[in-house]
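Notes to accompany the following structure.
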Amino acid sequence: MDDDDPSAAAAPDAPARCENCGTSLDRGNWHPTVGWTDSDDTYRIARFCSDACRDEWRPPREGTDDS
Numbered sequence: 001m002d003d004d005d006p007s008a009a010a011a012p013d014a015p016a017r018c019e020n021c022g023t024s025l026d027r028g029n030w031h032p033t034v035g036w037t038d039s040d041d042t043y044r045i046a047r048f049c050s051d052a053c054r055d056e057w058r059p060p061r062e063g064t065d066d067s
């Protein structure tokens with residue numbers, strides 16, 4: 001599979017639900033996101049159904065230790 005394939009944005013491992021409220025997300029549409037590096041140096045991305053949910057969300061505790 002080609003890494004430049006536009007369908008890669010809808011990867012099967014992409015979150016299917018809003019990280020804050022759990023609403024189902026349409027993987028074909030754009031959604032607000034937040035990214036952070038966890039304590040294991042793994043980059044994480046959280047997807048949200050709306051800007052309001054993104055603003056209400058609090059990152060996992062381990063993601064805030066180096067802020």
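To convert, note that position 11 of the sequence shown is 11 in the UniProt record's numbering; the numbers rise steadily by one, no gaps. We put the beta carbon where it would ideally sit given N, CA and C, even for glycine.
- In the DSSP annotation of this structure, the continuous segment of the alpha helix (DSSP H) that includes A52 starts and ends at 51-56.
- Considered as a whole, the stretch 15-41 harbours 33-37 as its complete beta strand (DSSP E) runs of no fewer than 3 residues, in chain order.
- Nearest neighbour of C53 by Cα position, chosen from G28, A16, P32, turns out to be P32.
- At a Cβ-Cβ threshold of 9 angstroms, P59 and V34 count as neighbours.
- The beta carbon of C49 lies closer than 7 angstroms to those of C18, C21, T23, L25, H31 in the same chain, with the five residues before and after it left out.
- Taking the CA atoms as reference points, G28 sits about 13 angstroms from R47.
- Here R44 really is in contact with W36; their C-beta atoms are around 6 angstroms apart, less than 8 angstroms.
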